[in-house]
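**Student:** Pasting in a structure now, in structure tokens, and then I'll have a few things to ask.
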Amino acid sequence: MEVALKEILLSKGKEWIGIDIDPSWIQFQPTRKGVRGDVTLMVFPFAKALQLPPAQVAELIGKHVKSEVSFVADFEVIQGFLNFVFSETLWSDQLITIHQNDSFGIADPDSKQMVMVEYASPNTNKPLHLGHLRNIFLGYAVAQLKKAHGHQVIKTQVINDRGIHICKSMLAWHRFAPLQSNGERETPANSGLKGDKLVGKYYVEFEKHLQLEVKEVLARWNAGDFSNTSASALEKFQELDQALVGKEEKAQAVISDKIKELAKNETEILRAAQDMLVRWEGRDPETYLMWSAMNGWVYEGFDVTYQRMGVDFDKLYYESDTFLLGKDQVMDGLARGVFYQKPDGSIWIDLTPDGLDEKLVLRADGTAVYITQDIGTAIERFHDYPSLSAIVYTVGNEQDYHFKVLFLILYKLGYSWAKNCFHLSYGMVDLPSGKMKSREGTVVDADDLMEEVVNAATVMTQERGQIAELSETERNVLFESIGMGGLKYYLLKVDPKKRMLFNPEESIDLTGNTGPFIQYTYARINSLLRKAELVEIDESALVIESGEIELIKVLAAFPQTIAEAADNYSPALLANYLYELTKAYNSFYQQSPILNEANEGLRAARILISKNVAKVLKTGLTILGINAPERM
RNA sequence: GGUCCCGUAGCUCAGUUGGAUAGAGCAACUGCCUUCUAAGCAGUAGGUCUUUGGUUCGAAUCCAAACGGGAUCACCA
285 MEVALKEILL SKGKEWIGID IDPSWIQFQP TRKGVRGDVT LMVFPFAKAL
335 QLPPAQVAEL IGKHVKSEVS FVADFEVIQG FLNFVFSETL WSDQLITIHQ
385 NDSFGIADPD SKQMVMVEYA SPNTNKPLHL GHLRNIFLGY AVAQLKKAHG
435 HQVIKTQVIN DRGIHICKSM LAWHRFAPLQ SNGERETPAN SGLKGDKLVG
485 KYYVEFEKHL QLEVKEVLAR WNAGDFSNTS ASALEKFQEL DQALVGKEEK
535 AQAVISDKIK ELAKNETEIL RAAQDMLVRW EGRDPETYLM WSAMNGWVYE
585 GFDVTYQRMG VDFDKLYYES DTFLLGKDQV MDGLARGVFY QKPDGSIWID
635 LTPDGLDEKL VLRADGTAVY ITQDIGTAIE RFHDYPSLSA IVYTVGNEQD
685 YHFKVLFLIL YKLGYSWAKN CFHLSYGMVD LPSGKMKSRE GTVVDADDLM
735 EEVVNAATVM TQERGQIAEL SETERNVLFE SIGMGGLKYY LLKVDPKKRM
785 LFNPEESIDL TGNTGPFIQY TYARINSLLR KAELVEIDES ALVIESGEIE
835 LIKVLAAFPQ TIAEAADNYS PALLANYLYE LTKAYNSFYQ QSPILNEANE
885 GLRAARILIS KNVAKVLKTG LTILGINAPE RM
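Taking this note's numbering as reference, the numbering of the first sequence is continuous, increasing by one, and the terminal residue is 916.
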């Protein structure tokens, strides 16, 4: 409508107000609540150009529009705002259009370019926690949004299955897992422990032993015993120890940390883990076997978690396959002068002209660093998918700098798609007690949390739900939907880039701005519609009143909301829209009889509206990864 | 210290091309189930939009500075 109005204004402008209208003057917005009108035109720019009072200009334009535009029934001028009132038939037409489109709000599949969305990408040495939940729900929802917006989407994750961290778990398991009577060590199969939890347990075990040994080393050093210490460590220790003298407390703490780091490298257990990494890289059969077995346990554990979360992936990248990538690109870039080499052989890029620092891209010994891999992996992905246009990386905001550097390097290497890549940077999830810290045991485990929210939903639903007609299986599905729906909505309703607080009590709330509130409204509409099945609807005789118009307006905003949420990588925009729609519908439902309405035309319109609110709620919830139950 | 992000009601959060009287939820209080699911609805109360200055018809929104919180600044990943 606004587009049509704009065209009319542009073409008739001179005739009506005497001067040509600049397109930039035409600014529409929805008319404010409580004021009569459907769409508002700002007249300040016109008033300025014409050197006339805004009210006078508004009156002038309003009169012409009312008499010459068929769908404008009336207008009203308040202060500098010109409010147009649309005709009733416009709204019933709008409703029918929405109703006839089964995939209302969804763009044509594959009408836009291919996008890859990376999310999850956990380490394989620790179970998933609350932070991962935000990451994964967010990444999945953004992938869904992009799809709904017409993009072809590849969901992917990188599995960090190599490196010293996994060797730590392997070593600890090999050393400390008790041998059982049948000669086996602890496995998921013989202990019943989830694979990722088992491996995580031994990672913690490793850290414990490491800390103990660090203490021993420090004690020895302080006693002047350097018998097992490497010459270089001894030298550095003496240097740092000297530096401690006469420093402030804060500076001393920094130095002490460095000494601790130094001591770590002198422990037997860390050296053993490093040896293991070397053996792994040399494809030592025994080590390799253990590695693939333990990784397998972790994957099985993660799969269980992902399944419960309702997410999946189209393509997996294993770091053990990709960690050698990127070196060629670096050498190529060096030849082309994008990078430069220091005397020790290490390769760098100077980003100071772009306001960033110098960055190492390849070590002196020729091995890759984190960003080398990322360069290689990105390029590899564009080879894997020739029609790929962009990659979205769902990674915490502590890596903002890393991705800024990565995209810049890729651009400097000549890849124009680097401009399309996006770091979906999200804030940390805090607890009421503060930050999550593994050392203090305040990490909220993903599996435990999901279990808790589903249990809470079960209790509440058994208390309040209308579930008499459901079978046992159906009930369990419902409890799962409500618990998980609440959790997902809770994490998704907040603007991704903001740090958020996770309050366990609020996360299982069912009232107010929550997932179950929206699910409940959906279920209630379905109950209504089941009873309305026999009512005949004459679409040509709908009666629309102001309450109906309010809802049609909200419904009509759905496609634009999807587009905005997709363009801004923000499921929160969609979540908040669904909440608005739900509130508007509930208010309507409470004050207007639907099936009991005597006026046939009005009843038909209300049923149609209910149907389409349900349709939009379901579409929207599905995009967010939330189930929409038919009854609850 | 450099760079980046954030600061809105007691708490958690919306508020996206600058627009009318800054909105929700939770918590508190008051009403509404003999009619379509009360996980609901209607209402009361709660604000110096961190502060100061600037841009303009108009600023929570844009700019600058200050204050407060966070992240980052590894030959770790």
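All C-beta atoms in this analysis are idealised placements derived from N, C-alpha and C, irrespective of residue type, glycine included.
Helix, strand or coil: which one does DSSP assign to A868?
**Tutor:** Along the first sequence, one-based indexing puts residue 868 at 584. DSSP places A868 in helix when its eight states are reduced to three.
**Student:** What's the C-alpha gap between V838 and S830?
**Tutor:** For the purposes of this step, residue 838 is taken as residue 554 along the first sequence, with counting starting at 1. For the purposes of this step, residue 830 is taken as residue 546 along the first sequence, with counting starting at 1. One C-alpha to the other measures close to 13 Å.
**Student:** Round the Cβ separation of V738 and E764 to the nearest angstrom and send it over; I've been treating them as touching at under 8 Å.
**Tutor:** In the first sequence, residue 738 corresponds to position 454, counting from 1. In the first sequence, residue 764 corresponds to position 480, counting from 1. The pair is a contact, with the Cβ atoms about 6 Å apart (cut-off 8 Å).
**Student:** Measuring CB to CB, does M574 end up less than 8 Å from H493?
**Tutor:** Counted from its first residue, the first sequence places residue 574 at position 290. Counted from its first residue, the first sequence places residue 493 at position 209. For M574 and H493, no; Cβs fall outside 8 Å.
**Student:** Is the beta carbon of L482 less than 8 Å from the beta carbon of I846?
**Tutor:** Taking the first residue of the first sequence as 1, we reach residue 482 at position 198. Taking the first residue of the first sequence as 1, we reach residue 846 at position 562. No, they are not a contact pair.
**Student:** Which residues in the same chain as K899 place their Cβ atom closer than 6 Å to its Cβ, once the five residues preceding and following it in sequence are excluded?
**Tutor:** Residue mapping note: residue 899 aligns to position 615 of the first sequence, counting from 1. Cβ neighbours of K899 beyond the five flanking positions: none.
**Student:** Which one or two residues does DSSP pair with A674 in a beta bridge?
**Tutor:** Your numbering for residue 674 matches position 390 in the first sequence. V399, per the DSSP bridge assignment.
**Student:** Look at I438 and D598 and say whether their C-beta atoms are less than 8 Å apart.
**Tutor:** In the first sequence, the residue the question calls residue 438 occupies position 154. In the first sequence, the residue the question calls residue 598 occupies position 314. Yes. Within cutoff.
**Student:** Could you work out which residue in K626, K777 and G585 is closest to P476 when comparing CA atoms only?
**Tutor:** Position 192 of the first sequence, counted from the first residue, corresponds to residue 476. Reading off the sequence shown, one finds Gly at residue 476, where the question assumed Pro. Here the closest residue by C-alpha is G585.
**Student:** So which of W505, Q464 and T551 has the shortest CA-CA distance to V498?
**Tutor:** Here residue 498 refers to the residue found at position 214 when the first sequence is read from its first residue. Closest option to V498, Cα to Cα, is T551.
**Student:** In chain order, which continuous runs of the beta strand (DSSP E) of length 3 or greater are located wholly inside the segment 673-754?
**Tutor:** 706-710
**Student:** Taking 8 Å as the cut-off, does the segment 311-327 touch the segment 365-375 (at least 3 CB pairs, one atom from each stretch)?
**Tutor:** Inter-segment contact for the segment 365-375 and the segment 311-327 is present: three or more beta-carbon pairs are separated by less than 8 Å.
**Student:** Exposed or buried, A752, counting other C-beta atoms within 10 Å across all chains shown (16 or more means buried)?
**Tutor:** Within the first sequence, numbered from 1, the residue matching residue 752 stands at position 468. Result: exposed.
**Student:** Starting from the Cα of A917, find the closest Cα among Q875, Y583, R808 and N474 and give me that residue.
**Tutor:** The question about residue 917 has no answer, for the chain in this structure spans 285 to 916.
**Student:** Counting C-beta neighbours from all protein chains within 10 Å, is the total for N409 16 or more, i.e. buried, or is it exposed?
**Tutor:** Numbered from 1 along the first sequence, position 125 holds the residue referred to as residue 409. Buried.
**Student:** Please confirm whether L374 and F355 have their CB atoms less than 8 Å apart.
**Tutor:** Locating residue 374 in the first sequence gives position 90, counting from the first residue. Locating residue 355 in the first sequence gives position 71, counting from the first residue. Yes, the pair counts as a contact, with Cβ atoms nearer than the cut-off.
**Student:** Would you identify the three-state DSSP class for Q464, choosing helix, strand or coil?
**Tutor:** Taking the first sequence and counting its residues from 1, the one referred to as residue 464 is at position 180. When DSSP states are grouped into helix, strand and coil, Q464 belongs to the coil group.
**Student:** Starting from the C-beta of L905, find all residues in its chain whose C-beta is less than 6 Å away, skip the five residues before and the five after it, and write them out in chain order.
**Tutor:** The residue given as residue 905 occupies position 621 in the first sequence. Around L905: A912.
**Student:** Any idea what DSSP makes of H433, helix, strand or coil?
**Tutor:** To locate residue 433, count along the first sequence from 1; it is residue 149. The answer is coil: DSSP assigns H433 none of H, G, I, E or B.
**Student:** From this set, D525, G423, I310 and W300, which residue's C-alpha is nearest S709's C-alpha?
**Tutor:** Residue mapping note: residue 709 aligns to position 425 of the first sequence, counting from 1. The shortest Cα separation from S709 among D525, G423, I310 and W300 belongs to G423.
**Student:** Taking the alpha helix (DSSP H) that Q313 belongs to, which residues open and close that run?
**Tutor:** Position 29 of the first sequence, counted from the first residue, corresponds to residue 313. Element bounds for Q313: not the alpha helix (DSSP H) but the beta strand (DSSP E), F312 to P314.
**Student:** Between which two residues does the beta strand (DSSP E) holding M326 run?
**Tutor:** Looking up residue 326 in the first sequence gives position 42. Residues V323 to M326.
**Student:** Locate the beta strand (DSSP E) running through Y654, then write down its first and last residues.
**Tutor:** Locating residue 654 in the first sequence gives position 370, counting from the first residue. No beta strand (DSSP E) holds Y654; the alpha helix (DSSP H) holding it covers Y654 to D668.
**Student:** Identify whether D793 lies in helix, strand or coil by the three-state DSSP scheme.
**Tutor:** Along the first sequence, read from residue 1 onward, the residue named residue 793 stands at position 509. Correct three-state label for D793: coil.
**Student:** Ordered along the chain, which non-local residues of its own chain (more than five positions away) have a Cβ less than 8 Å from that of T798?
**Tutor:** Within the first sequence, the letter at position 514 stands for residue 798. Scanning its chain for C-beta atoms nearer than 8 Å, with the 5 sequence neighbours on each side dropped, one finds around T798 the residues G770, Y773 and Y774, in chain order.
**Student:** When DSSP labels each residue in this structure, what does E881 get in the three-state scheme?
**Tutor:** By one-based count along the first sequence, residue 881 stands at place 597. Here E881 sits in coil by DSSP.
**Student:** What is the DSSP secondary structure of L600, reduced to helix, strand or coil?
**Tutor:** Numbered from its first residue, the first sequence carries residue 600 at position 316. Reduced to three states, the DSSP call for L600 is strand.
**Student:** DSSP puts I362 in a beta bridge; with which residues?
**Tutor:** As a position in the first sequence, residue 362 is number 78, starting the count at 1. F365.
**Student:** When DSSP builds the beta bridges, which residues end up paired with V442?
**Tutor:** Translated into positions along the first sequence, residue 442 becomes position 158. Under the DSSP definition of a beta bridge, V442 partners with Y601.
**Student:** Could you give the DSSP three-state label for D779: helix, strand or coil?
**Tutor:** As a working note, residue 779 is residue 495 in the first sequence. Coil, per DSSP.
**Student:** For the alpha helix (DSSP H) that contains I836, what are its first and last residues?
**Tutor:** Start at 1 with the first residue of the first sequence, and residue 836 comes out as number 552. From DSSP, the alpha helix (DSSP H) with I836 extends over S830 to A840.
**Student:** Where does I802 land, buried or exposed, given buried means 16+ other C-beta within 10 angstroms?
**Tutor:** By 1-based counting over the first sequence, the position of residue 802 is 518. Result: buried.
**Student:** Using CA coordinates, which residue listed in M593, K347 and I543 is at the minimum distance from L908?
**Tutor:** Along the first sequence, read from residue 1 onward, the residue named residue 908 stands at position 624. Here the closest residue by C-alpha is M593.
**Student:** Which same chain residues end up closer than 8 Å to Q625 when comparing Cβ atoms and leaving out the 5 residues on each side of it in sequence?
**Tutor:** Sequence index remark: in the first sequence, residue 625 carries index 341 (1-based). Excluding positions up to five away in sequence, the list reads L618, I631 and W632.
**Student:** My parser needs the beta strand (DSSP E) runs of 3 or more residues fully inside the segment 466-541; what are they?
**Tutor:** Listed in chain order, nothing qualifies, since the segment 466-541 has no complete beta strand (DSSP E) run of 3 or more residues.
**Student:** Roughly how many angstroms separate the alpha carbons of K332 and A339, rounded to a whole number?
**Tutor:** On the first sequence, position 48 is the one that residue 332 refers to. On the first sequence, position 55 is the one that residue 339 refers to. Rounded to the nearest angstrom, the two C-alpha atoms are 12 Å apart.
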